[in-house]
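Single-structure report; data block below.
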């Protein structure tokens, strides 16, 4: 069964304390992996798309990487405004296109 | 450029009542989607429309119907609401025409409670 698992469920960091969020997947026919940021009471906001193992993308303090089994979202020197839920989603093709979302990691950054 | 807009933002229904959630996008996207988000679970696809005039079932379509009114608008209808449909509903759109193929842009959500 196609599955996407994000860990940890919640992460508490001090401002400036770098860390990583994990998105592991067991799917067939992967076409792409997406990272989104979701603030409380709002819809997900697109961050990155990764298509092949070894690919990396960066935006400000965030860097996303992809292997054949998982993706990491690295947060360098986070600030309180980075506090949000981070969602990953995999897009696959198995006779038709499908997108599966993980449950998310809630990140709290304390000043 | 408003992106994806949804109405209403909040709604409370009694079991058995019906209602329609509205969604519109101004990005000239071909594909539109309806998701529900429940605590501890990922977003789950209810229905999607790959292009104007077509709709397809997603992962959890039971109890819902949709209408792709035109290229801009995609509505979700609950004919007889049940407490299990209490959730946050998100509409999304993307530029692709081959189904769920590319980056999706989300609306702000509708928070629905069914008593």
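Residue numbers (my numbering), protein chains in the order written: chain Z, 927 to 1037; chain H, 707 to 821. From the three backbone atoms N, C-alpha and C, an ideal C-beta is built for every residue, glycine too.
{"Query": "Give a yes or no on whether 7 Å exceeds the smallest Cβ distance from residue 979 (chain Z) to chain H.", "Result": "no"}
{"Query": "Under 6 Å Cβ to Cβ from residue 1015 (chain Z), same chain only, skipping five residues before and after it: list those, please.", "Result": "960, 1025 and 1027"}
{"Query": "With a threshold of 7 Å between beta carbons, is residue 969 (chain Z) in contact with chain H?", "Result": "yes"}
{"Query": "Could you work out which residue in H:793, H:748 and H:811 is closest to residue 716 (chain H) when comparing CA atoms only?", "Result": "H:793"}
{"Query": "Strictly below 7 Å CB to CB, what residues from chain H border residue 1047 (chain Z)?", "Result": "One cannot answer for residue 1047 (chain Z) here, as it falls past the ends of chain Z, which runs 927 to 1037."}
{"Query": "With DSSP collapsed to three states, give me the class of residue 731 (chain H).", "Result": "strand"}
{"Query": "Would residue 956 (chain Z) and residue 1013 (chain Z) qualify as a contact pair, given that the criterion is a beta-carbon distance under 7 Å?", "Result": "no"}
{"Query": "Take the Cβ of residue 780 (chain H) as the centre, count every other Cβ of all protein chains shown within 10 Å, and call the residue buried at 16 or more, exposed below.", "Result": "buried"}
{"Query": "Let me check one thing: in DSSP terms, what residues is residue 947 (chain Z) bridge-paired to?", "Result": "Z:999"}
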